[in-house]
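Numbering (the working numbering), first residue to last: 607 to 714.
Note that CB positions come from ideal geometry on N, CA and C, so glycine has one too.
These notes concern the structure reproduced below.
Right, here's the structure in full:
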């Protein structure tokens with residue numbers, strides 16, 4: 607994974623290999639959403655539909671954690687490879703905190 611600083615935040619550049627598990631998860635989630643649409647169209651039992659919604663929500667949450675993990679890892683790597691200057695560390699920490707705050711808002 608590579609990164610650059612753009613407008614005071616770290617921008618990730620994932621390799622195709624690093625994108626692959628994320629895209630596979632998204633494909634699985636897409637299938638779950640299609641399944642939920644079919645359940646609703648067929649007027650399935652509401653608890654079955656809710657169970658599917660919960661599975662989709664859990665899958666999206668796990669995807670978020672993977673993305674956050676990549677971002678935190680790259681932020682630490684970015685700061686350590688730049689000689690840990692105060693400004694570099696500040697940029698990395700601020701960016702990681704921005705990502706974490708966004709993730710926390712999604713749970714409220």
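As for any beta strand (DSSP E) of minimum length 3 sitting wholly inside the stretch 614 to 646, the runs are 615 to 619, ordered along the chain.
Rounded to the nearest whole angstrom, the C-alpha separation of residue 655 and residue 666 is 17 angstroms. Between residue 694 and residue 708 a beta carbon distance of about 22 angstroms is seen, past the 8 angstroms cut, so the two are scored as non-contacting. A contact between stretches requires three or more CB pairs, one per stretch, nearer than 8 angstroms, and the stretch 647 to 654 fails this requirement with the stretch 670 to 683. In the structure shown, the three-state DSSP call for residue 696 is helix.
Separation of the CB atoms of residue 628 and residue 669 is rounded to 7 angstroms, and the pair is thereby assigned contact status at 8 angstroms.
CA-to-CA, the gap between residue 676 and residue 642 works out to about 29 angstroms. Nearest in C-alpha terms to residue 659, of all of 702, 692, 644, is 644. Its Cα nearest to that of residue 697, the residue 615 stands out among 615, 674, 608, 610. Relative to the Cα of residue 640, the nearest Cα in the group 622, 624, 661 belongs to 661.
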